[in-house]
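Undergrad: All residue numbers for the sequence shown refer to this note's numbering, where the first residue is 1183 and numbers rise by one.
Think of the CB as a built atom: it goes at the ideal place given N, C-alpha and C, for glycine as much as any other residue.
Only a predicted model underlies this, so the values are computations on that prediction, with no experimental measurement involved.
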Amino acid sequence: MPISPTFPSTNANAEMEAAPAAADSGAESTADETSTDEAAGEAAADTTAEDPASANAESAETNDTAETNAAAETNAAAETDEAALAEEPDPVGGLVDVAFQHVSFTYDTTIAHNWTVEYLANPPDEGAAPSFYSGPLRMVFRFSDYPAPLSNVEPVVYVYRIADISSQNEYKVANLLGALLAKGAPLSNYKSLPFLPIIDAEQSIIAQPKYVQFQSGSGIRYLTVVGDASQPFGADSVWYTFQGLTSDNKFYIAAVFPLASNIFPEQPEPDYNPETFGDRSDEYILLSKAALNLAPRSAFTPRLSRLDALAESIQIVEEQ
């Protein structure tokens, strides 16, 4: 069911405090659609209860030691479930091989059927804010026949040569990603994560983040909602992104795919009141983050596993 912008009237503060922590620790575990044993099935059933925020509030009443043990068990279960799911891939519609100069990758036809590529350099005008479609010289892969309705972004894979962005703000983002990958801290600890292209908007939500190894390096992938919560999020508000660096630190890869999902309604609920909604936008963001973290991969189009496979297949090999 889509998340409603109407807030619970009872014990709301406890729910808001508990929801993000519980959601973050179980993001990868609860994102799985299937489980390998009866115990995992029961855990999944618990996390998809009708009122997940209330369930999280109850768990928050346990002592610190119990919370730590539960978090460790959840992380272990997540690793087990993820390994099992790797052996049970979603149905594959067919594979498309992409190759242009030193860049290649493979994607499933459930994402798109056709692709184009070009070099593009279009920095923002002096004094203008950066946008999704502006930036320094980069290789741009675009996709057609995309299954999700496009909102304010298009499905795209950008490949930046680090040497071409060394004097740009994009270089700072590349350094941030490199430091993050070197540290290896849990991604759920961060309120925002590295993101290219540079845009004039903040990340309201980071959900289901994880580290990803691809053919030529490593990176991170996560779901994000960009922009403030001055009004309810819509069915097309969620983006999938992969941000990666090659092992030789010569290239930065940024993939962004808008997602269709049933997490948020296509239209605001009938009782939505724009005059009072902003007063509780922080609570709405926490509820929304919890909903995204608890959502199974089947809640999104394209499937997250298919987008992960695209990211993992990226290979950049320069002629010596």
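Take S1412 and list the residues in its own chain whose beta-carbon comes closer than 6 angstroms to its own, dropping the five residues that flank it on each side.
TA: G1460
Undergrad: What first and last residue would you give for the alpha helix (DSSP H) that runs through I1467?
TA: 1463-1476
Undergrad: Look up L1302 in the DSSP assignment and say whether it is helix, strand or coil.
TA: strand
Undergrad: Is the Cβ-Cβ distance between Y1454 and A1356 less than 9 angstroms?
TA: In this structure, A1356 does not lie closer than 9 angstroms to Y1454 by Cβ.
Undergrad: At what residues does the beta strand (DSSP E) containing R1343 begin and finish?
TA: 1338-1343
Undergrad: Under a Cβ-count criterion, where at least 16 other Cβ atoms within 10 Å of its own Cβ denotes burial, should P1414 be classed as buried or exposed?
TA: buried
Undergrad: Tell me whether S1443 is buried or exposed, calling it buried when 16 or more other Cβ atoms sit within 10 Å of its Cβ.
TA: buried
Undergrad: Spatial neighbours of E1501 within its chain, please: CB distance less than 7 angstroms, with the 5 preceding and 5 following residues excluded, ordered by chain position.
TA: none
Undergrad: Using alpha carbons as the reference points, say which of L1277, S1286, V1278 lies closest to I1498.
TA: S1286
Undergrad: Which stretch, first to last residue, makes up the beta strand (DSSP E) that contains F1287?
TA: Counted as a single uninterrupted DSSP element, the beta strand (DSSP E) harbouring F1287 occupies residues 1285-1290.
Undergrad: Output the distance between the C-alpha atoms of D1490 and E1448, rounded to the nearest integer angstrom.
TA: 26 angstroms
Undergrad: In angstroms with no decimal places, state the Cα-to-Cα distance between E1465 and S1386.
TA: 12 angstroms
Undergrad: Leaving out five residues on either side along the sequence, give the residues of the same chain with a beta carbon under 6 angstroms from the beta carbon of G1275.
TA: D1290, T1291, T1292
Undergrad: I'd like to confirm the pairing. Which residues does DSSP put opposite K1354 in its beta bridges?
TA: Paired residue(s): none; K1354 is not in a bridge.
Undergrad: From what residue to what residue does the beta strand (DSSP E) around A1281 run?
TA: 1277-1282 is the extent of the beta strand (DSSP E) around A1281.
Undergrad: If we ignore side chains and look at the alpha-carbon of each, how far apart do E1457 and V1335 end up?
TA: 28 angstroms
Undergrad: I'd like to know if the region 1379-1396 and the region 1470-1484 are in contact, where contact means that at least 3 CB-CB pairs between them fall below 8 angstroms.
TA: yes
Undergrad: Three or more C-beta pairs under 8 angstroms: does that hold for the region 1392-1408 against the region 1425-1440?
TA: Output reads yes: the region 1425-1440 touches the region 1392-1408.
Undergrad: When we look at the beta-carbon of A1361 and count the other beta-carbons within 10 Å, is it buried (16 or more) or exposed?
TA: exposed
Undergrad: Given L1319, which residues of its chain have a CB within under 6 angstroms of its CB, disregarding the five upstream and five downstream residues?
TA: A1303, D1346
Undergrad: Classify L1314 as helix, strand or coil using the three-state DSSP reduction.
TA: The sequence given here places Phe at residue 1314; Leu does not occur at that position. Here F1314 sits in coil by DSSP.
Undergrad: Applying the 10 Å Cβ sphere with the 16-neighbour rule, what's the burial state of P1368?
TA: exposed
Undergrad: Less than 9 angstroms between the beta carbons of R1324 and P1337, yes or no?
TA: yes
Undergrad: State the start and end residues of the unbroken beta strand (DSSP E) segment that holds L1405.
TA: For L1405, the enclosing beta strand (DSSP E) stretches over residues 1399-1408.
Undergrad: Report all residues from its chain with a CB closer than 6 angstroms to the CB of L1363; omit the five preceding and five following residues, and keep chain order.
TA: S1400
Undergrad: In the DSSP assignment, find the unbroken beta strand (DSSP E) run with F1424 in it and report its ends.
TA: 1420-1428
Undergrad: If we count the other Cβ atoms within 10 Å of its Cβ and call it buried at 16 or more, is G1366 buried or exposed?
TA: exposed
Undergrad: Evaluate S1470 with the Cβ neighbour count: other Cβ atoms within 10 Å of its Cβ, from every protein chain shown; 16 or more gives buried, anything less gives exposed.
TA: buried
Undergrad: Am I right that S1419 and V1407 are in contact with their C-beta atoms under 8 angstroms? What's the rounded C-beta distance?
TA: Their Cβ separation, rounded to whole angstroms, is 5 angstroms, which keeps S1419 and V1407 in contact under 8 angstroms.
Undergrad: Check whether the Cβ atoms of S1495 and T1298 lie closer than 9 angstroms to each other.
TA: no
Undergrad: Should L1277 be labelled buried (16 or more other beta-carbon atoms within 10 Å of its own) or exposed?
TA: exposed
Undergrad: Can you grab the Cα-Cα spacing for the pair F1314 / A1383, in whole Å?
TA: Straight-line Cα distance between these residues: approximately 10 angstroms.
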